[in-house]
Structures are given as structure tokens and as C-alpha cells.
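Quick note on the working numbering: the sequence shown kicks off at 46 and runs consecutively. Comments concern the structure below.
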Amino acid sequence: MRKKYFLVITLLTFCLVFSQEQTTFLGIVIDAKTQNPLANIVVSIQNSSVTQLTNTDGKFKLQSSIKGEQLLLLHSQGYKDLLLKIQSSFGQEINLGILQLEDNFSDETPAALITLLESDLSDDNSSSEMTAGLLQSSKDAFMQASAFNWGQARFRVRGLDSENGTMMLNGMVMNKIYDGRPQWNNWGGLNNVLRNQEFSIGAATSNYTFGGILGTQQIFTRASMYRKGGQLTFSGSNTTFNWRAIATYASGMNASGWAYAVSAGKRWSEEGFFEGTNFNAESFFISVEKKLNARQSLNFTGFYTPNSRGKNSANTNEVTQLTNEKYSSYWGWQNGVKRNARVKNVEEPLLMLNHYFKIDEKTNLNSSVMYQFGKVGNSNLDYQRGDSPDPVYYKKMPSYFSSLYAKDHGEFSGEFTPDYESAEKSKAAFLENSQIDWEAMYRANQKIITNANGAVLGYEPMQSHYVLYEDRTDDKTFAASTNLNSQLTSNIFFDGGVQFRNLKSHNFQYLTDLLGGEYFEDIDPFYKGNQSQSDLQNLNRKVKEGDIYGYNYNFLANTIDAFTQFRFSYNKTEFYLAQSYSLSNYQREGLYQNGIYPLNSLGKSQKINFENFGFKGGFTYKISGKQLLFFNGSHLTRAPSLRNTFSNSRLNNSVVDGIESENVSSAEANYVYHSPKLKMRLTAYYALIKNSIKTSFFYAEGIFDNVAGYDATDAFVSQTLTHLNKKNIGSELSFEYQMSSTLKTNFSAAYGNYTYDSNPDVLITNDANALKTDKQTTFDFGKAYIKNYKQAGMPQQAYSLGLEYRDPKFWWLAANINYLTNSYIDISPVARTSQFYSNPANGFPFPEATKERGDELLKQEKFDPISLLNISGGKSWRVYGKYVGLFASINNVLDSTYKTGGFEQARNANFRALNQDISSGTPSFEPKYYYGYGRTYFVNLTIGL
Numbered sequence: 046m047r048k049k050y051f052l053v054i055t056l057l058t059f060c061l062v063f064s065q066e067q068t069t070f071l072g073i074v075i076d077a078k079t080q081n082p083l084a085n086i087v088v089s090i091q092n093s094s095v096t097q098l099t100n101t102d103g104k105f106k107l108q109s110s111i112k113g114e115q116l117l118l119l120h121s122q123g124y125k126d127l128l129l130k131i132q133s134s135f136g137q138e139i140n141l142g143i144l145q146l147e148d149n150f151s152d153e154t155p156a157a158l159i160t161l162l163e164s165d166l167s168d169d170n171s172s173s174e175m176t177a178g179l180l181q182s183s184k185d186a187f188m189q190a191s192a193f194n195w196g197q198a199r200f201r202v203r204g205l206d207s208e209n210g211t212m213m214l215n216g217m218v219m220n221k222i223y224d225g226r227p228q229w230n231n232w233g234g235l236n237n238v239l240r241n242q243e244f245s246i247g248a249a250t251s252n253y254t255f256g257g258i259l260g261t262q263q264i265f266t267r268a269s270m271y272r273k274g275g276q277l278t279f280s281g282s283n284t285t286f287n288w289r290a291i292a293t294y295a296s297g298m299n300a301s302g303w304a305y306a307v308s309a310g311k312r313w314s315e316e317g318f319f320e321g322t323n324f325n326a327e328s329f330f331i332s333v334e335k336k337l338n339a340r341q342s343l344n345f346t347g348f349y350t351p352n353s354r355g356k357n358s359a360n361t362n363e364v365t366q367l368t369n370e371k372y373s374s375y376w377g378w379q380n381g382v383k384r385n386a387r388v389k390n391v392e393e394p395l396l397m398l399n400h401y402f403k404i405d406e407k408t409n410l411n412s413s414v415m416y417q418f419g420k421v422g423n424s425n426l427d428y429q430r431g432d433s434p435d436p437v438y439y440k441k442m443p444s445y446f447s448s449l450y451a452k453d454h455g456e457f458s459g460e461f462t463p464d465y466e467s468a469e470k471s472k473a474a475f476l477e478n479s480q481i482d483w484e485a486m487y488r489a490n491q492k493i494i495t496n497a498n499g500a501v502l503g504y505e506p507m508q509s510h511y512v513l514y515e516d517r518t519d520d521k522t523f524a525a526s527t528n529l530n531s532q533l534t535s536n537i538f539f540d541g542g543v544q545f546r547n548l549k550s551h552n553f554q555y556l557t558d559l560l561g562g563e564y565f566e567d568i569d570p571f572y573k574g575n576q577s578q579s580d581l582q583n584l585n586r587k588v589k590e591g592d593i594y595g596y597n598y599n600f601l602a603n604t605i606d607a608f609t610q611f612r613f614s615y616n617k618t619e620f621y622l623a624q625s626y627s628l629s630n631y632q633r634e635g636l637y638q639n640g641i642y643p644l645n646s647l648g649k650s651q652k653i654n655f656e657n658f659g660f661k662g663g664f665t666y667k668i669s670g671k672q673l674l675f676f677n678g679s680h681l682t683r684a685p686s687l688r689n690t691f692s693n694s695r696l697n698n699s700v701v702d703g704i705e706s707e708n709v710s711s712a713e714a715n716y717v718y719h720s721p722k723l724k725m726r727l728t729a730y731y732a733l734i735k736n737s738i739k740t741s742f743f744y745a746e747g748i749f750d751n752v753a754g755y756d757a758t759d760a761f762v763s764q765t766l767t768h769l770n771k772k773n774i775g776s777e778l779s780f781e782y783q784m785s786s787t788l789k790t791n792f793s794a795a796y797g798n799y800t801y802d803s804n805p806d807v808l809i810t811n812d813a814n815a816l817k818t819d820k821q822t823t824f825d826f827g828k829a830y831i832k833n834y835k836q837a838g839m840p841q842q843a844y845s846l847g848l849e850y851r852d853p854k855f856w857w858l859a860a861n862i863n864y865l866t867n868s869y870i871d872i873s874p875v876a877r878t879s880q881f882y883s884n885p886a887n888g889f890p891f892p893e894a895t896k897e898r899g900d901e902l903l904k905q906e907k908f909d910p911i912s913l914l915n916i917s918g919g920k921s922w923r924v925y926g927k928y929v930g931l932f933a934s935i936n937n938v939l940d941s942t943y944k945t946g947g948f949e950q951a952r953n954a955n956f957r958a959l960n961q962d963i964s965s966g967t968p969s970f971e972p973k974y975y976y977g978y979g980r981t982y983f984v985n986l987t988i989g990l
């Protein structure tokens, strides 16, 4: 009996002592605007494992045995983090009172890791387009600046393209197999329902996938995750669209275990910022969840976002000087309306079913199946036996006449013979009619009907010389995935998953408008006889609207991706190890027997198989509750995209010679300091991508050596670069200081050096030689000497200084000034080969080709620095208990004019041609440039229901 009393007293004493070595923190978390309590808010001691969730009343009770001053972090998706300084007092209960969280999205600032820009950088016909501003986050000042302030100048985080990041929807990878990039237009107008997100930056851990070296973004559309209620959004802008309206409603989970969320919206404009860029888009979204029992739920997600957007052209300096920076050559007047010839149309509905299974308190299994189908079309003009309809076709411009040279005298250059009179006439003609002439094309396609007196009675359709068509991609994608997350011990966590994807991609040329004509011949007018035939199975076919012509083939692809990851968490350290394995197989199925490649175009190609591995790891050291260091590193191999596997998929089944997987390596080191007043992050990073492939098509003059037996020195060719390496090194600084309860300042800096790290091999294919006896089709041009040239398409340095005032009465105003520099033009690799210096007439070097002049001609152009002043502000009210918020911003307040990108034209393919063109002072084939937005505005009104 005495032993029992002794044991009870000992246990009571132990519990008393233990309780005295803990501090209990109490509080209630509410929404700052609605004043309603918030459930499931994560309350934690920063840089520790002490965590608690608020209950349905918004209350929490957190017990901590950590001594001294600590930082309490309140975090939830959709709200801004709240960081409080707290002081432990063992044995005491400290009531923190009511804590208010502010909605992270009421300002309409970018809230996604990936910024969904809706403009093309390049005019290719890929199913998903390049964008700037990838993997942007609202988490710190740097990521906020890169999305909201630098995105308009096409800044890319770490200089990396979107194929290096992984976009996920409910555990399913959404990057396209075709080019490795997400299709941004699939998400347009769904702003209000894509806000539940998790993301990782760089090679950091993700619970759902191995990820890329840029990071991972996971979007959740589970119906029960949406806050109950409705919302109306009305917006006005002068960028891509002029008007936007979105309505959203979420039911919350009811007593029967059902929840749903719906959204519908529309965006439109007759003309965006650039001339002739019309825009029209709708968006429809539904998510329905059924809770099967306490551990299992099924969720269906479906959305449909059809959209149509007129593109704008890249222009030479000559064209811009004759017009303006908003000019686009892609449109013309038709019946008093601006009609754009190059329109991108996207209709790709998506259906997804998710099964959420909480096996036990420590293990979750989430599985998904997805089916996506639809079409992506890029329209353009096609013509036969007629002049080019392009208003800026080089022979129509003044520079064509003012840059003329006489024929060569033997091995020496001819004299400079400009025709200034014709140049002036050309200038006057262009200024009088600088757009596409739709009326002239209709008349060219019709025969005039007259009476006996010669009076015009009307017009009769005949063979079309001009038509409008679409480069179409109709994809059907089926995917299935499963993901397991488990806590193995108190310190060890496991994540693993596998995903299968199957793609059938139908690619074809689709005739949409005969422009008043009767039919169009399905031939290539640049070739003769059988070579001109698109399909030898159907000779001299006459096609009409709705017919397929030109090219017609399928891409077939299957991929399997699997990963495992172990995470280890301790008081002062955390680390992880992850592995990935993938299988990819690609195949082309030709549906036409092309006249140029009769033996290598119809039917299925060989299957191309790739097997790849990846490894990554990271280590975190918690210096204190305010400071930490973390390091991440990765090495992986990656299958080339489907797009880059076949050298000319429109014509034949040929695979790129020597194709192999890419090698990708990355490393980063980070220092983070977080306190209630000061938030800072300093990052250094390194990335190396090896064995990339790049394919392009262009017409080149003087590219071949006639002495070597080539019939023509000029040709339309395809260029394939192999063994192309890219190296990205840089640092990032994010600094944010709360000067007072209402005033905050921030500073962000990005310093990068993004270069080509190899001299890639150049292969040139001349299709015209395909059926000629003893004539080769593919030519090895050796190395392109581009090592240490700069990667193009984005500023490599960017700086932002901002000031923000937030009033307790829920209005705010912010301003920032930005400076972006070190942006370069996209170079022509063929001009950097040894062939460039060879005279096609005799095979010997040009006598005037000195190294000094060559270096001058081939020096990479650096764009002028960009300075941008941006101002934004907002105000919110409660009207009859409902939330009303107004946000407005003006970007580029000073209306600066700047170039966001550009490319060298590859037509001048040898030293003499390029030297003559530039020496004329008015080059006919100078580079083409893209321009950024001038002064733009955005106004947004949100009404909570």
C-alpha cells in the first residue's frame, strides 16, 4: 500500500514539474474583414515542431516547452501570414486575445506560384506558349516583385523556362508532353477557384512529385476546401482584355457530406494594348465532393475555358520608326472592322476524379484519373501564285531598295547600288496601306462578271490564291496517378507517387476560310511534280473550308513517372532525400504520304524510348527561432520534349540524329531571417542544363557551297542544334521591413548570369534535295561558336524598391520603382559557324572577312535598361455585413518604351550578305523586336455574397 501511495505522489510531482516547464498560449483567430472565426488555421512556433490547429470557433491552445523569446506563426492558404513575438513563461497561461488574418487575395496581387501571362513571346505554333514570370510567389518581397513588378518586362525567376518547373492540379502533373510546359490558356478566368495552393521553390521538397529545378506548384480544387459563400468580381484593364466579370459560389460541406464550388466568367476586348489584338474568353468551373465516410472522399473537377486572342507581330526598327511600338502587321480592315490573321484559339476541357483516403492518422493515399481533350489552333494566311499578303514583306519595304548591291565581281563584293527613288515610293506606298489588305485577297480569289457594256455585275468564286488556315493540334490525354504520404516515426516522413500519361496528338493544317474563292490546291508551289504533293495518295486535291491539307500526322506518347522521398525533422535540423524514375516512349504516325519524303512519311515511325533517373537532397539548419540556413541540390536526366525529338514532323518520320536525354544539375544555398518587423532572404543558386535540342525553320541566302555540288546556295531549311548547354548562376535578395504598424518598405534584387555553356552541333536539312540522286539532305555545319553568349528573352538583373502604407480602416497605397537590365537578343547560331565565312560561289573564305569585322557583326545586342514606376492601392468596406473590395493599379506610370525581346533574322547566312546589309545603313533583314506595355491600368471590384 505504501508503495502505491509513493508511486502516485511521485507521478503527481513529476507532472507538476513538467507542467511548470511549459507555457500555454491561448487565442482566437478571426477574418479581419468578416470578423468570423477561422477554423483549421495552422498555429506554430517558428522553426520548431510545435504546431496546433484552430477549432471551429477559431480557438487554439498551444503548449510549448521552448525557453525565451520565440515567434508565433499563423498560416493558412488564402491569408497573409501573421508573425507575433511571444515570451515563454513556464507554468503560465498567456492569452493572446483576438488575432486577425487578412485575406491574401483582396488586393488582386499575384497569388500564384506560376504567373499566368496571356501573351506570346515567340510566334511559334506550339500548343503551349513561352511565358515570362514563371514560378512566382506572394510569399516574400522578391517573389512578389518578380511577378507583379518585373513580369511585364518578361523577367524569369533564375532565368529558367517553365519546362523546368512542375505545375500540378490535385496531384496530377499538368505540363504538356509536347513541349514540357503548362498550357496557360487552360486556366484563364479561373482566378477565384485556383487560390488553394502549395508550392516549393527550386529543388526544395514537394509532397506530391519529384519536381523540377525551378520548383513545384500544386493547385487544389477540392470542393470542401473552399470557404462557404459567393463572390462577384468586375475588372477593367487596357492590357490583354478590357473587361472581365467572374461569379463564384462555394457551398461548404453540408450535413449529408456534399460540397460543391462553381465559377463562371467572361473576358473580352475589341482591341488590347497592341493594335488589332482582339480577345474573347469564357470560363466555366465546377468541383463536387462527396464525403463517403470519415476517412474517404470523392471529388470531381471539371472546367472549360475557351478563348481566342489576336497576336501581335515582332517588328524591325525600320517598321517601328515608320509606325509606332504598338503596330502589328497581322491585321487589316474588313468592312470597317479590324480583322487579325493570326489568332490563337484554345478549347481544351478537363475532367478529373480524385479519391482522398485517410488510411490512419499518419497516412494519406490520394489517387486521381484525368481526361483532357480539345483543340489548339493558330491561324495564318496561305497563298499560291500571288504576292505575299504580309504588309512588311521585305520587298515592300524602303530598305529593300536602299540596301542593294551589284552582283559579285568574281570573288569580290559588288558595288553598293542603292535605289533611293524606289525606296521613297515604297515608303509612301507602305504608309498609305500598312496593314493586311483583305479586300485585295478576296478580289484575287474571284472573277469579275461584266455585261456587254463592260459594267461590273458582280464577282464569281474561282480558285483561291489566298486562304486562311489554322495549324491545329487536337490532343487527347488520359492520365492516372496515386500519391502516398505517411509519417513513419515522430521524426521521419515518407512521400511517394506514380503517374501514367497517354497522349494522342493529332496535328494538321485546317482550312478555315477560302476568302471568297471556290477551292484551294493542296500542293506546295515551291516544288514541282510529285514533290509538290502533300499526299501522294490523293494527287492534285482541291480542298474547301473544313478540309485538312498540307500536313497531317499523329504524335503518340506514353510516360510513367515515379518518385520516393524521405524527410527527417529534428529540433535543430531537417534534411531530405528523394529519387525519381521515368520511362517515356514517343512515336510519329504519318497520315499523308508526302511528295518530298514518299518513303519516310506515311505510317508509324520507330518508337523512341527514354529511361531517366533523378536524385535530390536538402539540409536545413535552424540557427534560432528567427534564423535558418538551408541547402538544396539535385541531379537528374530528362527526356527531350516530343517537339524536339523529330527533326521535321510535318513532313516525315525522321528522328534527330544522336538524340539523347538532357542532364540537369542544380544547387542553391539560402539564409532566411524572420522576425515580426524584418523578413529577409538571401539566396545563391547554380543550374546547368546539358544536351538540349533546339529546332527552327527559316529561308537562308548563300547558306550552301555551290562548288561542293549543291544546286542552289539559297534554300528553305530546318536547323537542329544538339549538345546545347545552358548555365545559370545568380543570387536573390528579398528584404521587407515593417517601419511602423502602418508603413512597410521592401527591396528586392536579382543578379544573374545566364549563358550558353557549349558550342552546339548544327545540322541543316534541305528538303529540296530529298529526291535528287546523289544529293544529301542533311548537312553537318560543325560547331556553332556561341559559348559564353547570353541566353535571350529576359532581364538578367532586376531591382525593386517599394513603400506601402496600410491604414487600420482598410485602405492601402503602395508604390515601387524598378530597374531591369542585361537583356539580350536571341542570336542566329548558323551565323556563328565556320561556314558563315565561306563564299558559296567558290568555297573559299571571303577576302574582306576579317576577324575584327566578324566580331563586330556577330556581337550580341544588349537592350537598353528598363525603369518602371508602378502604383497600386485599394480599399475595402463592409456593406450590410458583406465584403466589398476595390483594387486599382497603374503600371509603367511614366509610359516608358522598352524592348522585351527580339531575334536575329537568319536569312543572311554568310559574311558577305550580312556585311553588305548592315553596311548599307538601312538593313533589309535587321533583327525583329517585341515591345512591352506602356502605361497600363487595372481596376478590380470584388463583392462578397
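For each residue, glycine too, the CB sits at the ideal point set by N, CA and C.
If we count the other Cβ atoms within 10 Å of its Cβ and call it buried at 16 or more, is residue i buried or exposed?
i, result
"H719", "buried"
"M188", "buried"
"A300", "exposed"
"Q366", "exposed"
"L769", "buried"
"G34", "The first residue shown for the chain is 46 and the last is 990, placing residue 34 beyond what the model contains."
Locate the beta strand (DSSP E) running through residue i, then write down its first and last residues.
i, result
"W229", "Run containing W229: none; DSSP gives neither H nor E here."
"A859", "W856 to T866"
"R384", "V382 to N385"
"L107", "K104 to S109"
Can you name the start and end residues of the alpha helix (DSSP H) that residue i belongs to?
i, result
"L902", "K896 to L902"
"Q651", "First-last for Q651: undefined, no H or E at that position."
"G365", "It is worth fixing the name first, because residue 365 is Thr in this sequence and not Gly. Element bounds for T365: N362 to L367."
"Y439", "Y439 -> no alpha helix (DSSP H), and no H or E assigned at all."
"S467", "Y465 to E477"
"A309", "A309 -> not in any alpha helix (DSSP H); beta strand (DSSP E) instead, spanning W303 to S314."
Please report how far the alpha carbon of residue i lies from the alpha carbon of residue j, in whole angstroms.
i, j, result
"G113", "S669", "11 Å"
"N599", "L398", "27 Å"
"F538", "S531", "6 Å"
"Y975", "K130", "49 Å"
"S433", "N867", "36 Å"
"L395", "D520", "11 Å"
"Y943", "S374", "19 Å"
"T604", "Y982", "43 Å"
"K549", "F780", "47 Å"
"R289", "I331", "19 Å"
"L990", "Y928", "8 Å"
"G317", "A860", "25 Å"
"Q836", "K617", "40 Å"
Using alpha carbons as the reference points, say which of the options lies closest to residue i.
i, options, result
"A684", "T254, N583 and Y626", "Y626"
"Y253", "L808, G355, V238 and N215", "N215"
"S686", "Y730, L727 and Q632", "Q632"
"G899", "L959, S934, A309 and I494", "L959"
"P721", "K789, T665, A729 and F664", "K789"
"S269", "S328, F330, N100 and S342", "S342"
"N209", "K771, G977, Y666 and Q950", "K771"
"G662", "N630, E456, A714 and S706", "A714"
*Which runs of the beta strand (DSSP E) fall wholly inside the region 492-521 and span at least 3 residues, in chain order?*
DSSP runs (the beta strand (DSSP E)) wholly in the region 492-521: 501-506.
*Scan the region 944-989 and note each continuous alpha helix (DSSP H) run of 4 residues or more that stays entirely inside, going in chain order.*
Taken in chain order, the whole alpha helix (DSSP H) runs of length 4 or more contained in the region 944-989 are 956-964.
*Which runs of the beta strand (DSSP E) fall wholly inside the region 756-840 and span at least 3 residues, in chain order?*
Counting only runs of 3 or more, we get 760-783, 788-801, 806-811 and 823-828.
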